[in-house]
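Quick note, the sequences are listed as chains H and A, same order. Residue numbers for the first sequence follow the numbering used here, beginning at 1 and rising by one. Residue numbers for the second sequence follow the numbering used here, beginning at 202 and rising by one. Ideal Cβ placement from N, Cα and C applies to all residues, glycine included. Just so it is clear, the structure is predicted and the values come from calculations on it, not from any experiment. Report on the following structure.
Protein chains: 2
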Amino acid sequence: MNEPATSDQRLAKGARSRASIARHAADVASVEGLNGVTIGRLATDLGISKSGIATLFGSKESLQLAAVKAGRDAFVTEIITPSLNEPRGLPRVRALIDRWFAHITEPFFPGGCFRTAALTEFDSKPGPVRDALVADHSAWLAFLAEEIRKAQAQGELPGVDPDMLVFELDAVVSAANTARQIGDDTKVTLARAITDRLLNA
Amino acid sequence: MNEPATSDQRLAKGARSRASIARHAADVASVEGLNGVTIGRLATDLGISKSGIATLFGSKESLQLAAVKAGRDAFVTEIITPSLNEPRGLPRVRALIDRWFAHITEPFFPGGCFRTAALTEFDSKPGPVRDALVADHSAWLAFLAEEIRKAQAQGELPGVDPDMLVFELDAVVSAANTARQIGDDTKVTLARAITDRLLNA
């Protein structure tokens, strides 16, 4: 009679393994790029057999897609969810940008914001991985634009085009991330000054 | 007595081969990333023996460095040199930005601006290739900042921090390049509106 429980346990264990492998895949992607995410590399890093990883993920592409999802999940947990505790409008928009910058100076992935690197890596390579990256990026920008529209509905950020503001914020924060990874922290200060100016418009 | 001439011809032929291989390496890097630039890949693409390429370049890293240099040379030829015909000050700064945008909508590499992609690809990988990319990027931003300072010496762009303006221009144009590669041309229009606003400050 305990077979369902055992089966549930096995499923739960499989899901935990899957999640921890995907999370490591995102760590690797942040440093090496998504092309560095291979079944062989993860097997070596984690001391798991290649066939074990292949059973859980199937292919390199599935593993890359799982890394993209792990990156998205971490971004939602670390940046979006806590910011929703702030009052809607400019305080929430500022909290989102603050947490985004915190992610650059103390990144939750060893190679920094992994979306920026992955997007430029895959921008000329059509396929499911690029589609997943574009969907993730678009969802984040649409969310941020919506929060800016809520601020505008309260009379904040008057006369600003939300899509243009979001594009500019994303461009500046992403460039600061790249500079920080290269070791140039001065660009984070410059980027902060620019986003402060944009949000005080 | 014609041995020196023959030797010169051989040198000249070697230099031409080297330049055309490096140029193709930059084409490949713009689409696949610099990690896609391998001796084997170039040999297949160009119908040259691997040993021929190895003789000219030595290693994958030298080939990647040659691709970075080919990218830089093309950027100087297509964007910087023609802009120097414009009067110094704002007209020259605007010409540089116009040509930079032209490079995004009609890129001289199949995968678009190859600097942006290569920088994010190598930002977490210390070594000679990253150093070369950072030097190339810094040289371009320093050149642009200097042209902005010349404009300011003429009373144009008052009250603007040239380093901040250059960082913001670079961030916005690079983000437009990534969006364009993904197939989203609307971001080029947004980016143009932003750079126009920044240069009319």
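- Within chain H, no residue has its beta carbon less than 9 Å from that of residue 400 of chain A; the closest one is some 14 Å off.
- Taking 8 Å as the upper bound for CB-CB distance, residue 121 of chain H and residue 318 of chain A are in contact here, some 7 Å apart.
- Linking residue 176 of chain H to residue 103 of chain H through their CA atoms gives a straight-line distance of about 11 Å.
- For residue 125 of chain H, the three-state secondary structure derived from DSSP is coil.
- Excluding sequence positions up to five before and after residue 53 of chain H, its CB lies within less than 7 Å of the CB of 21, 39, 42 and 43, all in the same chain and listed in chain order.
- Under the three-state reduction of DSSP, residue 283 of chain A is assigned to helix.
- The straight-line gap separating the alpha-carbon atoms of residue 110 of chain H and residue 27 of chain H is approximately 6 Å.
- Annotated three-state conformation of residue 274 of chain A is helix, per DSSP.
- Residue 242 of chain A: member of the alpha helix (DSSP H) spanning 240-247, first to last residue.
- Contact with chain H is found for residue 321 of chain A, since one of that chain's Cβ atoms lies less than 8 Å from the residue's Cβ.
- Runs of alpha helix (DSSP H) with 4 or more residues, each lying fully within the segment 315-378 of chain A, are found at 315-323 and 329-354, listed in chain order.
- Burial state of residue 266 of chain A is buried, judged by a 10 Å Cβ sphere holding 16 or more other Cβ atoms.
- A distance of 8 Å or more separates the beta carbons of residue 297 of chain A and residue 320 of chain A.
- Closest by C-alpha distance to residue 396 of chain A, out of H:127, H:50, H:165 and H:150, is H:165.
- Annotation for residue 91 of chain H: the continuous alpha helix (DSSP H) segment containing it runs 90-105.
- Only residues of its own chain outside the window of five on either side were considered, and among them 25, 37 and 57 have a CB closer than 6 Å to the CB of residue 63 of chain H, listed in chain order.
- One alpha carbon belongs to residue 152 of chain H, the other to residue 89 of chain H, and they sit about 7 Å apart.
- Counting every other CB atom within 10 Å of its CB across the protein chains shown gives residue 147 of chain H a total of 16 or more, marking it as buried.
- Note that the C-beta distance between residue 329 of chain A and residue 279 of chain A is not below 8 Å.
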